[in-house]
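Residues in the sequence shown are numbered consecutively from 723, following this note's numbering.
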Amino acid sequence: MNRNTRVALICAGVFVLMVGASFAAVPLYRLFCQVTGFDGTTQEAVAAPERVLDRTLNINFDTNVRGLPVTFQAEQVRQVVRVGEPTIAFFRVTNTSDHPVEATAAYNVVPEHAGAYFLKLQCFCFESQRIEPGQTLEFPVQYFIDETIETEPEGRGIRNVTLSYTFYPTEGFNPQADASSGAAPAPL
């Protein structure tokens, strides 16, 4: 094999590797954020803690909508919660259009390093939601602040956390195609 062929094969191999890495980057970054709480990504929990501490935090709620004919708001603007205490917040969404919408909620917390301590037991953001024309739905979020916020240096200074949700259209949902198929709406 001559030198030019070898260089061409190496370049082609590097190109294939770079394209593969670009497709893997987003899912790997999402997984990294979910595992570590990096970039304000909250954590999922399977059980509530057994210990509740005296320390309290202010939890503020922020709601946004991108590309959907819906109104979306938190039922309360702020909650004061004790570390380790399971708490429920409610969010209300109304479809203001004459066709069904399917939406997914992206979420994060600020300050970003608080994501590692903010654990959700239940959230509408875990799966896509279908909202019929004119329908109003109430979504609960059950969460708690992990007690390690008291012992880890990054957590000790946190006093205020903002939980932010953005509703956006679920990829691939087409209300006209869904309506013409005669399919019954999926339960929420």
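Each residue gets a CB set at the ideal place from its N, CA and C atoms; glycine is no exception.
Mind checking who Thr-816 pairs with in its DSSP beta bridge? Thr-793, Thr-858
In the structure shown, what three-state DSSP assignment does Tyr-751 receive? With a pLDDT of 46 at Tyr-751, under the threshold of 50, the modelled position of that residue is not reliable, and the figure given next carries that caveat. Helix.
Quick one: is Gly-789 buried, meaning 16 or more other Cβ sit within 10 Å of its Cβ, or exposed? exposed
Does the beta-carbon of Phe-794 have 16 or more other beta-carbons within 10 angstroms, so that it is buried, or is it exposed? buried
Any contact between the segment 830-838 and the segment 800-812? By contact I mean 3 or more CB pairs, one from each, below 8 Å. no
Mapping the DSSP letters down to three states, classify Ala-838 as helix, strand or coil. helix
Can you give me the start and stop residues for the alpha helix (DSSP H) that Glu-876 sits inside? Boundaries of the alpha helix (DSSP H) harbouring Glu-876: 875-878, taken from the DSSP string.
Would you identify the three-state DSSP class for Leu-775, choosing helix, strand or coil? coil
Local conformation of Glu-869 per DSSP, three classes: helix
Taking the alpha-carbon of Glu-797 as reference, which of Thr-785, Phe-889, Pro-808, Gly-806 has the nearest alpha-carbon? Closest option to Glu-797, judged by alpha-carbon separation, among Thr-785, Phe-889, Pro-808, Gly-806: Thr-785.
Ile-781 versus Pro-855: straight-line alpha-carbon distance, rounded: 32 Å
Quick one: any contact between the segment 810-829 and the segment 855-867, if contact means 3 or more CB pairs under 8 Å? yes
Give me whichever residues DSSP pairs with Gln-801 in a beta bridge. Listed as beta-bridge partners of Gln-801 by DSSP are Ile-781.
Cα-Cα separation between Phe-840 and Asp-868, rounded to whole angstroms: Pairing Phe-840 with Asp-868, the inter-Cα distance amounts to about 6 Å.
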